[in-house]
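J.:
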Amino acid sequence: MPDHYTPREMLEKLVAFPTVSDVSNLPLIDFVEDYLAGHGIKGRRVYDETGEKANFYAVIGPNVEGGVVLSGHTDVVPVVGQSWESDPFAVTEKGGKLYGRGTCDMKGFGALALALVPDMLKADLKRPIQIALSYDEEVGCLGAPYMISDMVAELPRASAVIVGEPSMMQVVSGHKGAIGFMTHVRGFEIHSSLMHQGVSAVMVAARLVEWLRLRFEENMKATPNAVDAMFEPPFTTLHVGVIKGGSATNITALDASFSCDIRCPASQDPLDWFARYQTFAKEVEAEMQAVQPTAKITIIPRDVNPALKPEENGAAEALARRLTGDNGSHVVSYGTEAGQFQREGYSVVVCGPGSIDQAHQPNEFITIEQFEAGEAFLRRLIETLKE
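The sequence shown begins at 13 in our numbering and counts up by one.
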């Protein structure tokens, strides 16, 4: 007999896998693959280069065009250093809320899609549902591009993609694009009393960080266009999150490094901003090398996530609005794999249960009301695909 789970039971199963991004997600993928196989559904894995992580997708219904992709990620953010009142890897109900890491972001949506597979099979769908689960979304949407490329090559084209990130079941038609990168500055050590003969990596890093800060201030003061004005904030942000460097107060620093992300509204390209930063860094590097030829600046892109751009007469938006009744205009500043699907020619929206305010927080939760709203949404989708 194939396994059957209620949405709540499926959520408990998924949350119990501690799929923090620095560990393998394969135990969760094994569970999902076995569960679907029990219902006669064969899925497909797309591994990372280490073989320790995998994307996974499967088709429920006929293998024809015009279906709907339900996309989510399997990884969660760490709980280390957070103060939890319950076991983060077990679902705890209290006061109409389901607590646990990933309940909101975003195993709730994945649990709903998987739990309803038996209902999808009974429905005699005329168009398929493609369930797509990716790895390493939380560290830059690293896995999804490989999965999407494989889906393009292997599956009939779906007419719509619904990315189930928490949006309070509002239909989100746009989100910011982003690029993350590391900068490493190699200086030249010398006693600080003779600093004109050395190159302080820390002080050079400070110049680069200041350039980023000034661009942020300029952006904040500029008047946004109509599309960008929908976002909060309505401008490109440039943020340095971690900085390290130096060995002693009286030695010009040999090394310094810092991490940065640049997040752009849909009218701008994060790669354009990255190119501007690289140009400035080259100018600074030339000044460093005039003092010491061995000094240098190395910039390493970590991830690039394209924006989700609002579509004119988009099929995904029309479908999601019909299923939710939401006719408002919504965009978000966080990133998802939605822009990566859109880049490959899919029509995409973000729409899922729960509030992004709970994502990544200690005592993360999804309300039972939102969880049930997500279930009702997917049941309406199943009915639509029977037509």
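We treat Cβ as the ideally placed atom computed from N, Cα and C, and that holds for glycine.
Please confirm if the segment 62-76 is in contact with the segment 32-39, defined as three or more CB-CB distances below 8 Å between the two stretches.
T.: They touch, by the three-pair rule.
J.: For Leu250 versus Ser259, is the C-beta distance shorter than 8 Å?
T.: Reading the sequence shown from its first residue, position 238 is the one you call residue 250. Reading the sequence shown from its first residue, position 247 is the one you call residue 259. In this structure, Ser259 does not lie closer than 8 Å to Leu250 by Cβ.
J.: Which same chain residues, not among the five before or five after Phe29, have their C-beta less than 6 Å away from its C-beta?
T.: Locating residue 29 in the sequence shown gives position 17, counting from the first residue. Cβ neighbours of Phe29 beyond the five flanking positions: Pro39, Leu40.
J.: Whole alpha helix (DSSP H) runs in the segment 236-268 with 4 or more residues, listed along the chain?
T.: You should have found no qualifying run.
J.: When the Cα atoms are used, what is the spatial distance from Glu150 to Asp87?
T.: By 1-based counting over the sequence shown, the position of residue 150 is 138. By 1-based counting over the sequence shown, the position of residue 87 is 75. Answer to the nearest angstrom: the Cα atoms are 7 Å apart.
J.: If contacts are defined as beta-carbon pairs under 8 Å, then Tyr111 and Phe383 qualify, I think. What distance do you get, rounded to the angstrom?
T.: If you number the sequence shown from 1, residue 111 lands on position 99. If you number the sequence shown from 1, residue 383 lands on position 371. Not really, about 12 Å apart at Cβ, beyond 8 Å.
J.: Considering only residues of the segment 101-145, which uninterrupted alpha helix (DSSP H) runs meet the minimum length of 4 residues and lie entirely inside it, listed in chain order?
T.: With a minimum length of 4 residues, the continuous alpha helix (DSSP H) runs that stay inside the segment 101-145 are 119-127, 129-134.
J.: Threshold first: 3 residues or longer. Then list the beta strand (DSSP E) segments lying entirely within the segment 39-71, N to C.
T.: Counting only runs of 3 or more, we get 56-59.
J.: Determine the DSSP secondary structure at Met22, reduced to helix, strand or coil.
T.: Taking the sequence shown and counting its residues from 1, one reaches residue 22 at position 10. Residue state, collapsed to three classes: helix.
J.: Would you say the segment 351-358 touches the segment 89-105, given that touching needs at least three Cβ pairs under 8 Å?
T.: No, they do not touch.
J.: Give the single residue among Asn339, Gly186, Ala156, Lys233 whose Cα lies nearest to the Cα of Leu82.
T.: As a first step, residue 82 is located in the sequence shown; it is residue number 70 there, counting from the start. The candidate whose alpha carbon is nearest that of Leu82 is Ala156.
J.: Under the rule that 16 or more other beta-carbon atoms within 10 Å means buried, what is Met181, buried or exposed?
T.: By one-based count along the sequence shown, residue 181 stands at place 169. Met181 is buried by the Cβ-count criterion.
J.: Looking at the structure shown, is Lys233 part of a helix, part of a strand, or coil, going by DSSP?
T.: Along the sequence shown, read from residue 1 onward, the residue named residue 233 stands at position 221. Lys233: helix per DSSP, three-state reduction.
J.: How many Å lie between Asp60 and Met207 at the Cα?
T.: In the sequence shown, residue 60 corresponds to position 48, counting from 1. In the sequence shown, residue 207 corresponds to position 195, counting from 1. Cα-Cα distance, rounded: 46 Å.
J.: On the criterion of 16 or more Cβ atoms from any shown chain inside 10 Å, does Pro14 qualify as buried, or is it exposed?
T.: Taking the sequence shown and counting its residues from 1, the one referred to as residue 14 is at position 2. With fewer than 16 Cβ atoms within 10 Å of its Cβ, Pro14 is classed as exposed.
J.: Around the C-beta of Ala287, are 16 or more other C-beta atoms found within 10 angstroms, so that it is buried, or is it exposed?
T.: Locating residue 287 in the sequence shown gives position 275, counting from the first residue. Result: exposed.
J.: Tell me, please, which residues DSSP counts as bridged to Pro313.
T.: On the sequence shown, residue 313 is found 301 positions in, with the first residue counted as 1. Pro313 is bridged to Phe193.
J.: From the DSSP output, which residues share a beta bridge with His85?
T.: Numbered from its first residue, the sequence shown carries residue 85 at position 73. Partner(s): Ser146.
J.: Taking the alpha-carbon of Gly257 as reference, which of Ala217, Glu24, Glu45, Ala135 has the nearest alpha-carbon?
T.: Walking along the sequence shown from the start, residue 257 turns up at place 245. Cα-wise, what sits closest to Gly257 is Ala217.
J.: With distances taken Cα to Cα, identify the nearest neighbour of Ile263 among Ser271, Ser212, Arg275.
T.: Working through the sequence shown from its first residue, we reach residue 263 at position 251. When only C-alpha atoms are compared, the closest one is Ser212.
J.: Taking Cβ to Cβ, would you say Cys276 is nearer than 8 Å to Thr248?
T.: By 1-based counting over the sequence shown, the position of residue 276 is 264. By 1-based counting over the sequence shown, the position of residue 248 is 236. Their beta carbons are under 8 Å apart, which means Cys276 touches Thr248 by this criterion.
J.: Do Asp338 and Ser279 come within 8 Å of each other at the CB atom, strictly closer than that value?
T.: Counting from one through the sequence shown, the residue named residue 279 turns up at place 267. Counting from one through the sequence shown, the residue named residue 338 turns up at place 326. Not in contact: Ser279 and Asp338 (Cβ atoms no closer than 8 Å).
J.: Under 7 Å Cβ to Cβ from Leu283, same chain only, skipping five residues before and after it: list those, please.
T.: In the sequence shown, counting from the first residue as 1, residue 283 sits at position 271. The residues are Ile191, Val316.
J.: Under 8 Å between the Cβ atoms of Lys53 and Leu397?
T.: The residue you call residue 53 lines up with position 41 of the sequence shown. The residue you call residue 397 lines up with position 385 of the sequence shown. Residue 53 is actually Ile in this sequence, not Lys. Their beta carbons are not under 8 Å apart, which means Ile53 does not touch Leu397 by this criterion.
J.: Can you tell me whether Lys321 is buried or exposed, with buried defined as 16 or more other CB within 10 angstroms of its CB?
T.: Within the sequence shown, numbered from 1, the residue matching residue 321 stands at position 309. That one is buried.
J.: May I ask you to list the residues that DSSP assigns as paired with Ile174?
T.: Here residue 174 refers to the residue found at position 162 of the sequence shown. According to DSSP, Ile174 bridges with Leu82, Val361.
J.: On the criterion of 16 or more Cβ atoms from any shown chain inside 10 Å, does Ala170 qualify as buried, or is it exposed?
T.: Against the sequence shown, residue 170 aligns to sequence position 158. That one is buried.
J.: Using beta carbons (cut-off 8 Å, strictly below), is Cys153 in contact with chain D?
T.: No chain D appears in the structure shown, which is made up of a single protein chain.
J.: Once DSSP output is grouped into helix, strand and coil, what is the label at Phe29?
T.: In the sequence shown, residue 29 corresponds to position 17, counting from 1. Residue state, collapsed to three classes: coil.
J.: Report the residue from Val184, Gly55, Val91 whose alpha carbon sits nearest the alpha carbon of Gly326.
T.: Locating residue 326 in the sequence shown gives position 314, where the first residue counts as 1. For Gly326, the nearest C-alpha among the options comes from Val184.
J.: Cβ atoms of Leu126 and Val44: under 8 Å apart, would you say?
T.: Translated into positions along the sequence shown, residue 44 becomes position 32. Translated into positions along the sequence shown, residue 126 becomes position 114. Yes, the pair counts as a contact, with Cβ atoms nearer than the cut-off.
J.: Which of the three DSSP states is assigned to Lys188 in this structure?
T.: Reading the sequence shown from its first residue, position 176 is the one you call residue 188. It is coil, neither helix nor strand.
J.: Helix, strand or coil, according to DSSP, for Leu320 in the structure here?
T.: Translated into positions along the sequence shown, residue 320 becomes position 308. Leu320 falls in the strand class under three-state DSSP.
J.: Roughly how many whole angstroms lie between the Cα atoms of Pro8 and Gly78?
T.: Absent from the model: residue 8. The displayed extent of the chain is 13 to 399, so no value can be given.
J.: Taking buried to mean at least 16 other C-beta atoms within 10 Å of its own C-beta, is Gln370 buried or exposed?
T.: As a working mapping, residue 370 is identified with position 358 in the sequence shown. Per the 10 Å Cβ criterion, buried.
J.: Of the choices Arg139, Gln209, Pro246, Gly364, whose alpha-carbon is the least far from that of Glu399?
T.: Working through the sequence shown from its first residue, we reach residue 399 at position 387. When each option's Cα is compared against that of Glu399, the closest is Arg139.
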